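Using my numbering, you'd call the opening residue of the sequence shown number 173 and step up by one each time. Think of the CB as a built atom: it goes at the ideal place given N, C-alpha and C, for glycine as much as any other residue. All of these numbers come straight from a predicted model, not from anything done at the bench.
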Amino acid sequence: MKKTFQIPTPKTLEALTGKELYDLWTSLRQLIEQKYNMEQMWNHGGKKWTYEYKYRRGGKTLCALYAKEQTIGFMVILGKDERTKFESMREMFSNATQKIYDETTTFHDGKWLMFELKDTSLFNDIERLLSIKRKPNR
Numbered sequence: 173m174k175k176t177f178q179i180p181t182p183k184t185l186e187a188l189t190g191k192e193l194y195d196l197w198t199s200l201r202q203l204i205e206q207k208y209n210m211e212q213m214w215n216h217g218g219k220k221w222t223y224e225y226k227y228r229r230g231g232k233t234l235c236a237l238y239a240k241e242q243t244i245g246f247m248v249i250l251g252k253d254e255r256t257k258f259e260s261m262r263e264m265f266s267n268a269t270q271k272i273y274d275e276t277t278t279f280h281d282g283k284w285l286m287f288e289l290k291d292t293s294l295f296n297d298i299e300r301l302l303s304i305k306r307k308p309n310r
């Protein structure tokens, strides 16, 4: 019988990721939620992650956060038009973000950019990527 999915408590998430990364997770959520009013959904993290936390509105996903042991991730999917926009403003992004973009496979539905975060150094890039996806609505 399949186990039912348990939404993690803050304590569970902190125990999984560690205090520093949990604080980073919280800061990233605040950054997103200050600018975007979105539905938020917890889910299984698939094969590679323990948890997924998605931001959606009107059936479209803005981005997702992921958590597993001692690791947190941020994913944004850039479709064709969004990739064109990214490429036109590419020099505004850090070398780390450009490298992730270049190394990410392009699928029929876009580039699935995954960032494993260690600190806040990519937060400006994350804000820019989100604004490419959707204008802030707060």
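Using CA atoms only, rank isn't needed, just tell me which of the options is closest to residue i.
i, options, result
"Lys232", "Met261, Gln212, Glu288", "Gln212"
"Thr269", "Asp281, Arg229, Glu299", "Glu299"
"Asp291", "Thr222, Gly282, Glu241, Gly245", "Gly245"
"Thr176", "Glu186, Leu196, Trp214", "Trp214"
"Ile179", "Thr276, Tyr223, Met286", "Tyr223"
"Leu302", "Phe287, Leu188, Cys235", "Cys235"
"Arg306", "Gly218, Tyr227, Pro182", "Tyr227"
Identify the residues that DSSP records as bridge partners of residue i: which are they?
i, result
"Asn296", "According to DSSP, which records beta bridges pairwise, Asn296 is partnered with nothing at all."
"Gly245", "Tyr238, Glu288"
"Gly251", "None, per the DSSP bridge assignment."
Where do the ends of the beta strand (DSSP E) carrying residue i lie?
i, result
"Arg306", "Where Arg306 is concerned, there is no enclosing beta strand (DSSP E), given that its DSSP letter is neither H nor E."
"Gln212", "211-216"
"Tyr208", "Tyr208 -> no beta strand (DSSP E), and no H or E assigned at all."
"Glu224", "223-229"
Taking 8 Å as the CB-CB cut-off, is residue i touching chain C?
i, result
"Phe265", "The question asks about chain C, but that chain is absent: this structure has only one protein chain."
Any idea if residue i is buried or exposed, counting beta-carbon neighbours within 10 angstroms, 16 or more meaning buried?
i, result
"Asp253", "exposed"
"Asp195", "exposed"
"Ala239", "buried"
"Met261", "exposed"
"Phe258", "buried"
"Thr189", "buried"
"Lys283", "buried"
"Asp297", "buried"
Report all residues from its chain with a CB closer than 8 Å to the CB of residue i; omit the five preceding and five following residues, and keep chain order.
i, result
"Leu289", "Leu193, Leu196, Leu200, Ile244, Gly245, Phe246"
Go through its chain and collect everything with a Cβ distance to residue i's Cβ below 7 Å, but skip five positions before and after it.
i, result
"Arg229", "Met210, Glu211"
"Ser310", "According to the sequence provided, residue 310 is Arg. The question's Ser does not apply to it. Excluding sequence neighbours, Arg310 sits near Gln206, Lys207, Tyr208, Asn209."
"Phe265", "Asp297, Arg300"
Give the range of the alpha helix (DSSP H) segment to which residue i is assigned.
i, result
"Glu263", "Looking at the DSSP string, Glu263 is not in any alpha helix (DSSP H), and its letter there is neither H nor E."
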